[in-house]
Amino acid sequence: MTYRFTMGRGAVGLLAAGSAGVGGLLFLAGMLVGVSAGAQAAPPAAPDTLRPVASQAECPVPADTTGLLPVDGDDDPAAAAVAWTPPPAAMSPGYADAPPAPSRYAADADPRPAPSRYAALPPAPASDPGPYSLQVGDFAAEDRAMAMLGRLERRGYEPFIVSGVDRRGQTFFHVRVDRYEERAEASEAALRFARREGLPAMVVPTEYALP
């Protein structure tokens with residue numbers, strides 16, 4: 003039996019168009035399958051991100067190290083720490099001790115010793131000159147020296163006058179009392195005289211003329 007199919011021109015066109023559409027769909031499906039397979043085969047890329055850096059305020063503050071620090075390699079628990087003392091803080095230059103200000107009286111002080119009217123006298127002998135007396139008065143006028151001499155005689159002393167000339171040529175009259183062989187004895191007598199008479203007494207060699 004023989005079958006014979008006959009298609010018109012319109013049917014041939016539809017068949018050609020349908021074949022082209024089916025081919026296009028198959029091509030598109032193949033491309034999608036290939037892209038999906040390639041995406042699964044490639045390893046995922048690491049995200050390009052940066053770790054946040056902790057600010058200075060967020061950094062942990064170390065504890066006070068002025069204590070005990072472990073010592074490596076020491077098995078003794080008692081010696082497993084050593085004392086550590088932080089170095090002293092440097093003093094700020096702005097608080098350094100300033101040098102003391104010079105006194106405004108330093109320039110006014112006169113380094114020269116005060117002149118003394120006894121400076122020109124020869125020094126007393128080094129050996130004990132003896133005897134000693136108490137000098138209780140020193141006058142430039144002889145009449146005043148004689149008046150004191152009389153008062154001391156009335157009070158029971160043995161006064162006498164020794165005169166001397168100073169470097170300016172002026173004569174002085176020294177009123178002295180009593181005589182002592184030892185300087186220590188004369189010093190005790192000077193203390194008694196000062197308490198009794200209320201006048202200063204100076205121990206001097208009896209015949210030594212002080213100007």
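Going by the working numbering, the sequence shown opens with residue 3, and the numbers climb by one from there. Ideal placement from N, C-alpha and C gives every residue a C-beta, glycine not left out. Model, not experiment: these values are computed from the prediction.
Neighbour-count burial assignment, residue i, 16 or more Cβ in a 10 Å radius
| i | result |
| --- | --- |
| Gly139 | buried |
| Asp76 | Note that Asp76 has pLDDT 48, beneath the 50 cutoff, so the model's placement of it is unreliable and no number is given. |
| Val206 | buried |
| Arg146 | exposed |
| Val177 | buried |
| Pro202 | exposed |
| Gln137 | buried |
| Ala19 | exposed |
| Ala22 | exposed |
| Ala186 | exposed |
| Ala192 | buried |
| Val24 | exposed |
| Ala31 | exposed |
| Thr68 | Note on Thr68: pLDDT 48, under 50, position unreliable in the model; no value is reported. |
| Thr173 | exposed |
| Ala188 | buried |
Span of the alpha helix (DSSP H) around residue i
| i | result |
| --- | --- |
| Gly171 | Taken as a continuous stretch (DSSP letters only), Gly171 belongs to no alpha helix (DSSP H), as it is neither H nor E. |
| Gly139 | Careful: Gly139 lies outside any alpha helix (DSSP H), inside the beta strand (DSSP E) at Tyr134 to Phe141. |
| Gly158 | Element bounds for Gly158: n/a, residue is neither H nor E. |
| Glu183 | Run containing Glu183: none; DSSP gives neither H nor E here. |
Among the options, nearest to residue i - alpha-carbon criterion
| i | options | result |
| --- | --- | --- |
| Val164 | Met204, Arg197, Leu34 and Phe175 | Phe175 |
| Asp181 | Ser135, Val24, Ala31 and Val35 | Looking at the sequence itself, residue 181 is Arg, so the reference to Asp does not match. The option with the nearest alpha carbon to Arg181 is Ser135. |
| Gly171 | Ser21, Ala142, Leu28 and Phe162 | Ala142 |
| Glu160 | Asp168, Thr173, Val167 and Val179 | Val179 |
| Phe162 | Thr208, Arg169 and Gly200 | Thr208 |
| Glu183 | Leu16, Pro133 and Arg169 | Pro133 |
CB contact check: residue i to chain D, cutoff 8 Å
| i | result |
| --- | --- |
| Glu160 | Absent from the structure is chain D; it holds one protein chain and no more. |
Which residues DSSP lists as bridging residue i, in chain order
| i | result |
| --- | --- |
| Ser165 | Phe175 |
Bounding residues of the beta strand (DSSP E) (the contiguous stretch that carries residue i)
| i | result |
| --- | --- |
| Pro207 | Met204 to Pro207 |
Cβ-heavy atom distance, residue i to the ligand COA, below 7 Å
| i | result |
| --- | --- |
| Leu28 | This structure does not include the ligand COA; it has no bound ligands of any sort. |
Quiz item: On the three-pair Cβ rule with 8 Å, is the stretch 148-155 touching the stretch 183-198?
Solution: No, the stretch 148-155 is not in contact with the stretch 183-198.
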